[in-house]
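Quick note on the working numbering: the sequence shown kicks off at 347 and runs consecutively. Positions of the beta carbon are idealized from the N, C-alpha and C atoms, including for glycine. Some notes on the structure that comes next.
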Amino acid sequence: MQDFFMPASVLFAIAGALAFYLAAPGQRWLRAPLPSRLFRTLAAISSLAAFVIGASGLHPATSLAIVFTAAMACLTACPFIGVMVDRVRVGGAPRVTR
Numbered sequence: 347m348q349d350f351f352m353p354a355s356v357l358f359a360i361a362g363a364l365a366f367y368l369a370a371p372g373q374r375w376l377r378a379p380l381p382s383r384l385f386r387t388l389a390a391i392s393s394l395a396a397f398v399i400g401a402s403g404l405h406p407a408t409s410l411a412i413v414f415t416a417a418m419a420c421l422t423a424c425p426f427i428g429v430m431v432d433r434v435r436v437g438g439a440p441r442v443t444r
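Structure representation (structure tokens):
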């Protein structure tokens, strides 16, 4: 049963990080950000659920490290994925800003 807790914790942490990112005004995945109050609340609940799920099967410190690491990795990758999405939308033409 312990094999269930770590993947579930990581999935909830990633879902929380994605909700935070998609509610941010500077996100680049969608044409407009999602409703910020609702999605930031969902992101906080999802991140807290990730910690609780992980802490119930693992040590709380391990769970906290897993949640922070998964969220940081997701929040680091999201802007880069957004740039790739922008390039696909524009048709692959690089934009030069000066």
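- Here Val413 is buried: its Cβ has 16 or more other Cβ atoms, across all protein chains shown, within 10 Å.
- Around the beta carbon of Ile399, 16 or more other beta carbons lie within 10 angstroms, which makes this residue buried.
- When the beta-carbon positions are compared, Pro379 and Leu364 stay at least 8 angstroms from each other.
- CA-to-CA, the gap between Ala390 and Ala423 works out to about 19 angstroms.
- In the three-state reduction of the DSSP assignment, Leu376 falls in the coil class.
- Boundaries of the alpha helix (DSSP H) around Leu394: Ser382 to Gly403.
- For Phe350, the number of other beta carbons within 10 angstroms of its own is below 16, and it is reported as exposed.
- Ala370 carries a coil assignment under DSSP once its states are collapsed to helix, strand and coil.
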